[in-house]
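What follows is a short report on a single structure.
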Amino acid sequence: EMGQAECQYLNGTERVRYVERWIHNREQLLHFDSDVGLYVADTALGEFQAKYWNSLPGTLENARLAVDTFCRHNYQCLTPFVTERKG
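The end of the sequence shown is residue 151 by this note's numbering, with every number in the run present.
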């Protein structure tokens, strides 16, 4: 099983979306979307895991906070290197 996280930015950090995907054998089993605020099963196999993670307040809170702790934090750290880079 592999986890993949991505941040989607619109207009800087004005609108940020955090998406976490869980993949097994090249198939996405479940995902977390900060716009939804819950883990959502994409396959029957992912249903158990989504229900379990949604039942854990700490796990759910960490995923919801990732917009700020992961996405916005990394945006602020990396922006100077990306925007001020000279070709």
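Where is the CB? At the ideal position from N, CA and C, for every residue including glycine.
Between the alpha carbons of GLU111 and ASN118 lies a distance of about 11 Å. Less than 8 Å divides the Cβ of CYS71 from the Cβ of ASN138. With contacts defined as CB atoms closer than 8 Å, ALA105 and LEU120 fail to qualify as a contacting pair. The C-alpha of LEU109 lies about 17 Å from the C-alpha of GLU84. A residue is called buried when at least 16 other Cβ atoms come within 10 angstroms of its Cβ; TYR82 meets this threshold and is buried.
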